[in-house]
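Numbering (our numbering), first residue to last: 1 to 384. Note that the Cβ used here is the ideal one computed from N, Cα and C, for glycine as well. Quick notes on the structure that follows.
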Amino acid sequence: MRSIGDLRARAYKLMPRFVLEYLEGGAEDEATLSRERAAFADWRFMPRQLVDVTGRTLEGSILSKFASMPLAIAPTGLNGLFCENGDMMLAQGAAAANVPFIQSTMSNDRMEDVAVIPNLRHWWQLYMFGPDEIWQELLRRAKACGIEALVLTTNAQIFGDREWDARTRINRSRPSAATIFDAMRHPRWAAATLRHGMPVFRNVIDFVPRDRRGFFDSAFWIREQMTKSLSWRDVARIRQRWHGPFLLKGLLNLEDVRRALDSGVDGVILGSHGGRQADWAVSALDLLPQAREIVGDHITLMMSGGIRRGTDLLKALALGADAVLAGRAPLYGLCAAGAEGVTRALELLREEALDEMGQLGVVSRADLTRKLLISRQEGFRPSA
């Protein structure tokens, strides 16, 4: 596999249609989803020449700890739909690549099982739903597991209108006949995924009423219990209980970035939830330069959305990100070849970025600055 695109093509051969829709789909017109990729095309590099690039490296730190490159695997739920123990495989791929793995509240493998993977930088993504006892218990377990960092998702209290999801079912709990028929045409996927039945949200299933613990019913119950009143007050309450690194994920407004500076968090992750929430929103890349001006060097600034090439990573860093999150790219690897596919996806991004650094006359992350880029808005013409 020579590119993320190759891994994606392999995933398309192996996965049923409803799984691919879950992996690829966005909300409504998918304008936000489209913008995530289009934003990268709005910037062009201005390579430097006659620079010694023999020692180029992407190595450095994320939240003051070493990482082989400035990237973490984004939190994604329901990875057991791609293959059994999908979360474990993502974590194994991250550990092999020496980058952090952010496990989702809606993951299918227990955080305690993921936590024992050797050499893993294990972060936990928190959804707040139901009574306070739920998120407080999840934090207690995260501390007991030695979780390194906590990531609060801020933009999923109201679920986006994902029309593709409704089209795969005849009601809440029953897939359509077409969905079932198409799944039957993928026996390899079924063997790797459904040997022990449909995936279970193992980290939170004990909080779900016993009569709602089926696959679809539990998903909808949790969705209905999302804390609609989530506010900066909740950020403060979490900060009081969590003493490790704490980041807010899903901000796309500069006023919220300013507010985060005073909230006591250690970092902000700009992002649109993979284009699956508010439609017609800006991309994280659109806001990066201004967000960097706001936060300065006071907190970590990361972004999520649309990372498919090493050049995407470099553009994000040059525009002000300390690191990026990759979501779909490692999932394509997971679908294509399990843990080895995840590792391959991360290797591809790293190799492409290092090669492009050589093309740009860049040796280290510190050399990646706005001076290397010119925008479509500027007409792709440098000023005199």
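Please state whether the Cβ-Cβ distance between Y332 and R8 is less than 8 Å. What you label residue 332 is simply residue 332 of the sequence shown in a count that begins at 1. What you label residue 8 is simply residue 8 of the sequence shown in a count that begins at 1. Contact flag set, yes.
Simplified DSSP state of N108, which is helix, strand or coil: The residue labelled residue 108 in the question sits at position 108 within the sequence shown. Correct three-state label for N108: coil.
Kindly give me the distance between the Cβ atoms of L58 and V99, rounded to whole angstroms, as I take these residues to be in contact under 8 Å. Here the question's residue 58 lines up with position 58 in the sequence shown. Here the question's residue 99 lines up with position 99 in the sequence shown. In fact, because the Cβ distance is near 10 Å, the residues do not count as touching under 8 Å.
When DSSP builds the beta bridges, which residues end up paired with K249? For the purposes of this step, residue 249 is taken as the residue at position 249 of the sequence shown. For K249, which the question treats as bridged, DSSP gives the partners T153 and I269.
Bridge partner(s) assigned by DSSP for H122: In the sequence shown, the residue the question calls residue 122 occupies position 122. Bridge partners of H122: F101.
Hey, out of T154, M111 and R381, whose CA is closest to W232's CA? In the sequence shown, residue 232 corresponds to position 232, counting from 1. Of the listed residues, the one whose Cα sits closest to W232 is T154.
With 16 as the cutoff for other CB atoms within 10 Å, does E36 come out buried or exposed? Here the question's residue 36 lines up with position 36 in the sequence shown. Counting C-beta atoms within 10 angstroms of its own C-beta, E36 has 16 or more neighbours from the protein chains shown and is therefore classed as buried.
Distance check for L368 and R140, CA to CA, integer angstroms please. Walking along the sequence shown from the start, residue 140 turns up at place 140. Walking along the sequence shown from the start, residue 368 turns up at place 368. The straight-line gap separating the alpha-carbon atoms of R140 and L368 is approximately 39 Å.
Among W123, T105, N79 and A177, which has the Cα closest to the Cα of L325? On the sequence shown, residue 325 is found 325 positions in, with the first residue counted as 1. L325 has its Cα closest to that of W123, out of W123, T105, N79 and A177.
Euclidean distance between Cα positions of G338 and A345: As a working note, residue 338 is residue 338 in the sequence shown. As a working note, residue 345 is residue 345 in the sequence shown. Take the alpha-carbon of G338 and the one of A345: they are about 11 Å apart.
With a threshold of 16 other CB atoms inside 10 Å of the CB of F66, please say whether the residue is buried or exposed. Here the question's residue 66 lines up with position 66 in the sequence shown. Answer is exposed; the Cβ neighbour count stays below 16.
Flag this pair as yes or no: are the beta carbons of V114 and L247 separated by less than 8 Å? On the sequence shown, position 114 is the one that residue 114 refers to. On the sequence shown, position 247 is the one that residue 247 refers to. Their beta carbons are not under 8 Å apart, which means V114 does not touch L247 by this criterion.
Across which residues does DSSP place T300 in a beta bridge pair? As a first step, residue 300 is located in the sequence shown; it is residue number 300 there, counting from the start. Paired residue(s): G267.
Nearest residue (CA-CA) to V204, options E28, R56, R110 and A329: Start at 1 with the first residue of the sequence shown, and residue 204 comes out as number 204. Comparing Cα-Cα distances from V204 to each of E28, R56, R110 and A329, the minimum goes to R110.
Note down the Cα distance separating R370 from E352, rounded to an integer number of angstroms. Start at 1 with the first residue of the sequence shown, and residue 370 comes out as number 370. Start at 1 with the first residue of the sequence shown, and residue 352 comes out as number 352. C-alpha separation (whole angstroms): 20 Å.
Nearest by alpha-carbon distance to L319: which of L288, C335 and E340 is it? The residue labelled residue 319 in the question sits at position 319 within the sequence shown. Minimum Cα distance to L319 is reached at L288.
Is DSSP giving I294 helix, strand or coil here? Here residue 294 refers to the residue found at position 294 of the sequence shown. In this structure, DSSP gives I294 a helical state, which the three-state scheme calls helix.
Are any of the Cβ atoms in chain D nearer than 8 Å to that of R258? Chain labels in this structure do not include chain D; a single protein chain is all it has.
Which partner residues does S364 have in the DSSP bridge list? As a working mapping, residue 364 is identified with position 364 in the sequence shown. According to DSSP, which records beta bridges pairwise, S364 is partnered with nothing at all.
Please classify N108 as buried or exposed, where buried requires at least 16 neighbouring CB atoms within 10 angstroms. Within the sequence shown, residue 108 is the residue found at index 108, counting from 1. The residue in question, N108, is buried, as its Cβ has 16 or more Cβ neighbours within 10 Å.
Quick test of your reading: Q90 and I73, contact by CB under 8 Å. State the CB separation rounded to the nearest angstrom. As a working mapping, residue 90 is identified with position 90 in the sequence shown. As a working mapping, residue 73 is identified with position 73 in the sequence shown. Strictly speaking, residue 90 in this sequence is Leu, with Gln absent from that position. Going by Cβ atoms, the distance from L90 to I73 rounds to 6 Å, so yes, they are a contact pair.
What first and last residue would you give for the alpha helix (DSSP H) that runs through S218? For the purposes of this step, residue 218 is identified with residue 218 of the sequence shown, where counting begins at 1. Segment F215 to E224, the alpha helix (DSSP H) holding S218.
Is I4 helix, strand or coil by DSSP? The residue you call residue 4 lines up with position 4 of the sequence shown. Three-state result, I4: helix.
Whole-angstrom distance between P131 and W242, CA atom to CA atom: As a first step, residue 242 must be located in the sequence shown, where it is residue number 242. As a first step, residue 131 must be located in the sequence shown, where it is residue number 131. Going by the C-alpha atoms only, they are around 18 Å apart.
Taking a contact to mean a Cβ-Cβ separation below 8 Å, would you say D286 touches E28 in this structure? Here residue 286 is taken as the residue at index 286 of the sequence shown, counted from 1. Here residue 28 is taken as the residue at index 28 of the sequence shown, counted from 1. A distance of 8 Å or more separates the beta carbons of D286 and E28.
Straight-line gap, C83 to Q377 (C-alpha atoms, nearest Å): Here residue 83 is taken as the residue at index 83 of the sequence shown, counted from 1. Here residue 377 is taken as the residue at index 377 of the sequence shown, counted from 1. A straight line joining the alpha-carbon of C83 with that of Q377 spans about 43 Å.
When DSSP labels each residue in this structure, what does P175 get in the three-state scheme? Position 175 of the sequence shown, counted from the start, is the residue given in the question as residue 175. DSSP, reduced to helix, strand and coil, places P175 within a strand of the structure shown.
With H, G and I counted as helix, E and B as strand and the rest as coil, what does DSSP make of A67? As a first step, residue 67 is located in the sequence shown; it is residue number 67 there, counting from the start. DSSP places A67 within a strand segment (E or B) once states are collapsed to three.
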